[in-house]
Amino acid sequence: EKAPYDPVAAFTHIAYLGSAPLVVMASKESGIKSFGELLAKAQKERVDFGSGGPGSVGHIHGELTRKVTGANLVHVPYRGGAPMTTDLLAGIIPVGIDVITAYVQYFKTGQLVPLAVTGTARSPLMPEVPTVVELGQPKLVLENFFGLSGPAKLPADMVAKLNAACNEVLVMPEVQKKMVDLGIVGKPETTAKFDNFVKEQVGVLGPTVKGAGIKL
5 EKAPYDPVAA FTHIAYLGSA PLVVMASKES GIKSFGELLA KAQKERVDFG
55 SGGPGSVGHI HGELTRKVTG ANLVHVPYRG GAPMTTDLLA GIIPVGIDVI
105 TAYVQYFKTG QLVPLAVTGT ARSPLMPEVP TVVELGQPKL VLENFFGLSG
155 PAKLPADMVA KLNAACNEVL VMPEVQKKMV DLGIVGKPET TAKFDNFVKE
205 QVGVLGPTVK GAGIKL
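Quick note: to get the numbering used here, add 4 to the position in the sequence shown (first position is 1).
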């Protein structure tokens with residue numbers, strides 16, 4: 005269904021705050037040990053993947069992977085990340101896609117297998133896990149990003165002040181440390197760059213969402 009607003013034109017996109025990559029992970033029972041193995045398996049047979057729910061960023065990434073690579077990935081929606089994690093740990097589903105933060109403990113204990121992170125750079129939480137870019141899949145970059153937006157046509161001077169204030173806070177050492185602990189990479193940007201980023205994301209992900217029939 006079409007949203008009752010335009011995600012670009014209906015807002016003033018003020019400040020980009022940061023992003024957290026997703027992680028594509030496998031259960032131990034699946035026997036999948038790398039992202040390449042996942043794609044190879046999904047070229048031969050159906051592979052189910054879980055996410056935190058319909059329309060979640062994990063769901064969208066799975067559909068994007070299906071579209072870009074032709075992998076036979078089939079979405080299994082959950083009502084949040086917790087029940088998906090339970091089934092993933094039990095081997096009920098072979099693959100899950102979600103924001104990396106909540107899963108580091110399971111990777112470190114070997115209960116789950118991290119296959120790839122979906123950002124352009126490795127996550128500081130799990131620097132040993134390769135990115136989709138390193139694995140030859142730059143079109144699969146997708147991060148859960150955070151930003152400050154307001155109503156359309158905010159006064160330019162107000163936008164400039166808010167952007168400057170956000171960027172000042174982002175470089176504070178204590179803020180940077182907290183964001184790293186949460187798996188978020190903070191990055192000061194201009195308002196123009198953030199606005200272009202939103203347009204780019206809508207342009208890339210819109211067709212995937214529509215093509216997969218994703219609804220919230």
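Ideal placement from N, C-alpha and C gives every residue a C-beta, glycine not left out.
Residues bridged to residue 17 [DSSP beta-bridge criterion]: 153
Rounded Cβ spacing between residue 29 and residue 116 (contact assumed at less than 8 Å): 5 Å
Local conformation of residue 100 per DSSP, three classes: strand
Status (buried if at least 16 other CB within 10 Å, exposed otherwise) for residue 25: buried
Rounded distance between the beta-carbons of residue 205 and residue 190, thought under 8 Å: The Cβ separation is near 18 Å, so there is no contact.
Where residue 109 falls, given that 16 or more other Cβ within 10 Å makes a residue buried: exposed
The segment 161-172 contacting the segment 125-144, beta-carbon criterion three pairs below 8 Å: no
Residues of its chain near residue 203, where Cβ-Cβ distance is below 8 Å and the 5 sequence neighbours each way are ignored: 12
Counted within 10 angstroms of its Cβ, other Cβ atoms place residue 22 as buried (16 or more) or exposed: buried
Rounded Cβ spacing between residue 2 and residue 69 (contact assumed at less than 8 Å): Outside the shown range of the chain (5 to 220) lies residue 2, about which nothing can therefore be said.
Cβ-based neighbour list, residue 85, same chain, cut-off 7 Å, excluding 5 preceding and 5 following: 56, 102 and 106
C-beta contact flag for residue 36 and residue 119 at 8 Å: yes
Cβ distance (whole Å) where residue 2 is taken to contact residue 19 below 8 Å: In the structure displayed, the chain extends from 5 to 220; residue 2 sits before or after that span and is not available.
Identity of the residue in 62, 75, 71 and 127 nearest residue 89 by Cα: 62
For residue 196 and residue 124, the rounded distance between their alpha carbons: 21 Å
Those runs of the alpha helix (DSSP H) which lie wholly inside the segment 104-167 and span at least 4 residues: 108-112
For residue 176, three-class secondary structure by DSSP: coil
For residue 34, the three-state DSSP class (helix, strand or coil): helix
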